[in-house]
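K.L.:
The working numbering puts the sequence shown at residues 4 to 263.
Ideal placement from N, C-alpha and C gives every residue a C-beta, glycine not left out.
Quick one: the structure is below, and I'll ask about it shortly.
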Amino acid sequence: MTRPVSSRRGMAVLRPVVTCAGLVALWAALARWGQVPPYMLPAPDAVARALWSGRAQLEPAALTTLEETLLGLGIGIGAGSALAIAMALWAPLRRWVMPMVLLSQAVPVFALAPLLVLWFGFGMTSKVVMAVLVIFFPVTSALGDGLRQTEAGWMDLARTMGATRWRVLVHIRLPAAMPAFATGVRMATVIAPIGAVVGEWVGASSGLGFLMQTANTRFQTDLMFATLAVLAVMTVLLWWGVDRLLARALYWRPAHADID
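Written out as structure tokens, the structure reads:
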């Protein structure tokens with residue numbers, strides 16, 4: 004017999020809580036009895052105090068990074084989707100453009116960050132561009148693969164009924180590609196903050212990356228860990244929100260059974 008829905012949801016919440024609690028307990032034991040200097044590994048209670056005492060710095064920094072991430076997500080998803088659709092409609096474009104898209108991922112983001120700061124300045128623009136570059140390939144690749152893997156029987160039926168290329172795209176290929184596209188968007192949501200933070204490390208006057216750099220130069224390791232904790236929580240909440248939104252948008256997709 005299958006478990007009740009409420010029980011499965013409760014376990015889905017309980018598992019990560021127990022895992023995080025276990026990791027924090029291991030961290031505390033290592034910091035307390037592992038003879039690790041506090042400047043290398045502060046104890047969880049020290050990080051908690053840094054979270055509270057540094058809230059005046061952490062809150063505006065988190066808002067700045069969140070704004071850069073959201074802008075990068077919006078622009079990157081839009082641009083990646085447009086390119087994937089264009090390549091699906093016109094095959095020669097894919098042969099010309101896809102190598103350049105792959106090349107953009109072959110160059111490490113750390114190598115591009117100084118150039119972007121040089122070209123776009125120390126403001127928010129360079130961080131948004133960095134986030135766009137980081138997520139552009141996953142979105143383009145996921146949607147492009149989904150569009151190319153439409154079931155052949157559906158395409159044959161559409162051609163038999165005289166559907167135009169545009170109608171086939173809108174009514175068959177795009178709906179069929181949405182699960183793959185959703186996977187790409189989820190992946191982009193997780194890695195978009197990385198692009199923003201890397202840009203802030205190279206050159207910025209605000210943001211979580213800038214705060215980490217400042218704390219590092221002052222040997223405020225507890226504040227560095229507190230900043231990382233804020234970044235992790237922000238990323239998880241952002242992923243959860245996007246995942247819920249995609250689940251509602253893809254309501255027609257059959258849910259997979261929970262076999263745990």
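Go to Ser144, then tell me how far its alpha helix (DSSP H) extends in each direction, as first and last residue.
P.N.:
As a working mapping, residue 144 is identified with position 141 in the sequence shown. Note, Ser144: alpha helix (DSSP H), Met127 to Arg151.
K.L.:
Under the assumption that Ala34 contacts Ala46 (Cβ atoms under 8 Å), give the Cβ distance between them as a whole number of angstroms.
P.N.:
For this step, residue 34 is matched to residue 31 along the sequence shown. For this step, residue 46 is matched to residue 43 along the sequence shown. So it is a contact: roughly 4 Å between Cβ atoms.
K.L.:
May I have the straight-line CA-CA distance separating Ala191 from Leu253, to the nearest angstrom?
P.N.:
Counting from one through the sequence shown, the residue named residue 191 turns up at place 188. Counting from one through the sequence shown, the residue named residue 253 turns up at place 250. Approximately 18 Å, taken between the alpha carbons.
K.L.:
Which term fits Arg251, buried or exposed, when burial requires 16 or more other beta carbons within 10 angstroms of its beta carbon?
P.N.:
Taking the sequence shown and counting its residues from 1, the one referred to as residue 251 is at position 248. It is exposed - the Cβ of Arg251 has fewer than 16 other Cβ atoms within 10 Å.
K.L.:
Where do the ends of the alpha helix (DSSP H) carrying Val110 lie?
P.N.:
Here residue 110 corresponds to residue number 107 of the sequence shown, with the count starting at 1. Careful: Val110 lies outside any alpha helix (DSSP H) and carries neither H nor E.
K.L.:
Just to confirm my understanding: we take Phe139, look at its own chain, exclude 5 residues before and 5 after, and list those with CB closer than 6 Å. What are they?
P.N.:
By 1-based counting over the sequence shown, the position of residue 139 is 136. Result list for Phe139: Gly79 and Gly83, in chain order.
K.L.:
Assign Ser208 to one of three DSSP states: helix, strand, or coil.
P.N.:
Locating residue 208 in the sequence shown gives position 205, counting from the first residue. In the structure shown, Ser208 sits in coil (DSSP, three-state: anything other than H, G, I, E or B).
K.L.:
Spatial neighbours of Thr186 within its chain, please: C-beta separation below 8 Å, excluding the five flanking residues on both sides.
P.N.:
Within the sequence shown, numbered from 1, the residue matching residue 186 stands at position 183. Excluding positions up to five away in sequence, the list reads Ala145.
K.L.:
When you compare each of Leu234, Thr72 and Tyr42 to Asn219 by their alpha carbons, which one comes out closest?
P.N.:
In the sequence shown, residue 219 corresponds to position 216, counting from 1. With distances taken between Cα atoms, Asn219 lies closest to Tyr42.
K.L.:
Quick check for students: name the residue ranges of the alpha helix (DSSP H) that lie wholly in the region 67 to 115, counting only runs of 4 or more.
P.N.:
Complete alpha helix (DSSP H) runs here, min 4: 94 to 109.
K.L.:
Going by CA-CA distance only, name the one from Met227, Arg221, Leu249 and Trp242 that's closest to Ala64.
P.N.:
Here residue 64 refers to the residue found at position 61 when the sequence shown is read from its first residue. Answer by Cα proximity: Met227.
K.L.:
Measure the beta-carbon distance from Gly206 to Phe113 and round it to whole angstroms, keeping in mind my assumption that it falls under 8 Å.
P.N.:
Indexing the sequence shown from 1 puts residue 206 at position 203. Indexing the sequence shown from 1 puts residue 113 at position 110. 13 Å between Cβ atoms; not a contact.
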